[in-house]
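What follows is one structure encoded as structure tokens, with my remarks underneath.
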Amino acid sequence: MERKLSIMAILFAVPVMLLSFSQKSTITGRVTDSSGMPLAGVTVTVKGSRSGTVTDQGGNYSLEIKQGDDFLQFGMVGFVTITERIKNRTIINVIMHEEKVSLDEVIVIGYGGGKQKSSWNRAEAAPAYSMIPHGGFSRYNRAFNTEGYASTTENGFRSVRSNPLSTFSIDVDNASWSNIRRFINSGSLPPPEAVRVEEMINYFRYDYPEPEGIHPFSLTSELSVCPWNKEHHLLLVGLKGRSIDKSSLPPSNIVFLIDVSGSMNSPDKLPLLKSAFGLLVNELRPQDRVAMVVYAGAAGLVLESTPGNRKDEIMNAISNLEAGGSTAGGAGLRLAYEVASKNFIKGGNNRIILATDGDFNVGESSNGGMERLVADNRDRGIFMTVLGFGKGNLKDDKMEIIADKGNGNYSYIDNLQEARRVLVKEFGGTLFTIAKDVKFQIEFNPAKVQSYRLIGYENRLLNEEDFNDDRKDAGEMGSGHNVTALYELVPAGTEDETPAVDPLKYQANPVIKPGNIPSDEFLTIKIRYKKPEGSSSVLLEKAVRDYVRNIDGSSDNLRFAAAVAEFGMILGDSEYKGNSSVDEAVRLARSARGDDSEGYRAEFIRLMEAARDLGVMADR
């Protein structure tokens, strides 16, 4: 009898023990630096296992653990690794401290040229050995030296008397900031050519009102004193696209065009790409369709157009991707357009999503040929979104051109959080167009404005006659998208060094008579756009009155955009940065964080401070 009881006790105990070993719980928490700023991208792992996660933009994490897991480990490049005992805790918040790197451990790679007045220096004296928050410093690390960036000529000041009109196309690309973030997080400042200030500004969301009435976007404007030149004014012009609920969006015909060449064979390229596309697949609806084309030595169709409710088939096709071979992107593009044309949805969102490190031009294809191919299909209603991945071989210049020609947008994916932002949180804006060929034209009142400078948008400038020409291509705007532009204005009567032209000989020189001009108007903003399937443009117009705020009395929108512009001009070593400093940019950004629930603005502030430390080292 006792033996039977013992056996029964053992049999009863075994499942209880198994149950106790298999019990799981969830640990959540937040990771910040020593100043209280959230840290994104911190790796959180269960010590001694492969279980782990990374913090989001707000520094938050959530990790499932099992009984018997004793320690969590928190690690990030440039910070001291922290190990925390779990015990019975369900919330573990961590403060991480920066590693100190001595001067003899730092390699400085300069660009040459003499030293100029620095915008990097702290307000207080720097210590003998500066803190480098993300590893050893280099101005442009050699690990990235095959990357391609287009050189541009920075916009200068233009006289209102001889150039009263400023005309440009909108730009909703935001790849520049996520690429800059990648450089700073790896301990380097970006090359100046990688800095596109308008894309940095447009990476962030602004609190513009939702549109009302017939137009698909609202128009916001604001004037303040310019923070880097107190004698000048700063003009903000902002658009907010109408937000459309996901369920109301038109059906999609999407072709994934994926680079699987040998250059994609690294963890931050094809493996990250697979995870990113998996996030997008989860957003698909039954009425959406997806096909997949890959290219390397040759192009091939690996997934026929498949309804969005057959997610397992789509995910399996993504999981089976492998990298290898040389690149012939032109063949892949042609095949992708053939597939998109075959499955074209009238009135729907017909789009190719190209995912690559940009090195897709080895072989018979040429830049000009691919640009014509993209532009021709754009006119047929098939648009292009470009996602860039990886480092060391990134062809930023090529990808930006392809996206611009394809009425699409270009984003750089440096981590899974960025993939989630672009492909999940901004799903509608990334994939669904509410207005195309959107152009700005601003007419300045010479009685109020002597000269002006558009900050950024160098590759989006248009001739003044292009504004009314409906044949001229311009940028598209997606659902819920923001577009922000900044102008630095020189008030009338100010002494400045804007180059002047000689008086005209064969026609009368215009004489400004203030009494004939509305005295309270600084300028007039005009916008032209077309509906997604339209061919004739619609005009929207607004006058901006004479009301200039002090910078600290301006809106969070203007102050934060000004902080981003100031930091961008410092990174790009702008000729027009004036009295810009990282300290002032940080101060402005801190004062304008506003509702930053996802932590993108806090991350921007942290990275400015990290870049300041890198810049201090560069000046030594």
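All residue numbers for the sequence shown refer to this note's numbering, where the first residue is 4 and numbers rise by one.
All C-beta atoms in this analysis are idealised placements derived from N, C-alpha and C, irrespective of residue type, glycine included.
- For residue 413, the enclosing beta strand (DSSP E) begins and ends at 413 to 416.
- Scanning 618, 610, 615 for the CA closest to the CA of residue 203 turns up 610.
- Looking at the DSSP output, residue 546 bridges to 527.
- When C-beta atoms of the region 286 to 301 are compared with those of the region 250 to 257, three or more pairs fall below 8 Å, so the two segments count as touching.
- Residue 387 has 355 as its beta-bridge partners, per DSSP.
- Each of 604, 580, 571, 595 was checked against the Cα of residue 196, and the nearest Cα belongs to 571.
- Taking C-alpha positions only, residue 276 is separated from residue 491 by approximately 39 Å.
- Rounded to whole angstroms, residue 215 and residue 247 show a C-alpha spacing of 13 Å.
- In this chain, the beta strand (DSSP E) harbouring residue 478 covers 478 to 481.
- Cβ contact annotation for residue 501 (same chain, cutoff 6 Å, sequence separation greater than five): 160, 162, 454, in chain order.
- DSSP places residue 184 in the uninterrupted alpha helix (DSSP H) bounded by 178 to 188.
- Pairwise C-beta distances place the region 204 to 223 out of contact with the region 496 to 510, as fewer than three of them are shorter than 8 Å.
- Just measuring C-alpha positions, the residue of 354, 381, 376 sitting nearest residue 537 is 381.
- Within the DSSP bridge table, the entry for residue 152 names no partner.
- A Cβ-Cβ distance of about 6 Å is found for the pair residue 155 and residue 462, placing them in contact under the 8 Å criterion.
- For residue 451, the closest of 397, 547, 350 by C-alpha to C-alpha distance is 547.
- By the 16-neighbour rule on beta-carbons within 10 angstroms, residue 70 is exposed.
- Excluding its 5 nearest sequence neighbours in each direction, residue 318 has C-beta neighbours in its own chain below 7 Å: 281, 284, listed in chain order.
- Around the beta carbon of residue 426, 16 or more other beta carbons lie within 10 angstroms, which makes this residue buried.
- Taken in chain order, the whole beta strand (DSSP E) runs of length 3 or more contained in the region 390 to 441 are 413 to 416.
- Taking C-beta atoms under 8 Å as the contact rule, residue 552 and residue 226 qualify, at a distance of about 7 Å.
- With fewer than 16 other Cβ atoms inside 10 Å of its own Cβ, residue 73 counts as exposed.
- Checking the DSSP bridge columns, you'll see residue 228 partnered with 236.
- Fully enclosed alpha helix (DSSP H) runs of no fewer than 4 residues occupy 585 to 594 of the region 584 to 609, in order along the chain.
- A direct Cα-Cα distance of roughly 47 Å separates residue 85 from residue 336.
- Put simply, of 52, 241, 180, 39 the residue whose alpha carbon is nearest the alpha carbon of residue 63 is 39.
- Per DSSP, the continuous beta strand (DSSP E) segment holding residue 454 begins and ends at 452 to 457.
- Residue 593 and residue 57 have their C-alpha atoms some 25 Å from each other.
- Along the length of the region 271 to 353, whole beta strand (DSSP E) runs at least 3 residues long occupy 292 to 298, 302 to 310, reported in chain order.
- Note that the C-beta distance between residue 447 and residue 171 is not below 9 Å.
- Cβ atoms of residue 266 and residue 360 come within 8 Å of each other, at about 6 Å.
- Only residues of its own chain outside the window of five on either side were considered, and among them 157 have a CB closer than 7 Å to the CB of residue 578, listed in chain order.
- Between residue 437 and residue 220, the CB-CB gap stays under 9 Å.
- In this structure, DSSP gives residue 67 an extended state, which the three-state scheme calls strand.
- Between residue 309 and residue 293, the C-beta gap is smaller than 9 Å, which places the two residues in contact.
- In the three-state reduction of the DSSP assignment, residue 74 falls in the strand class.
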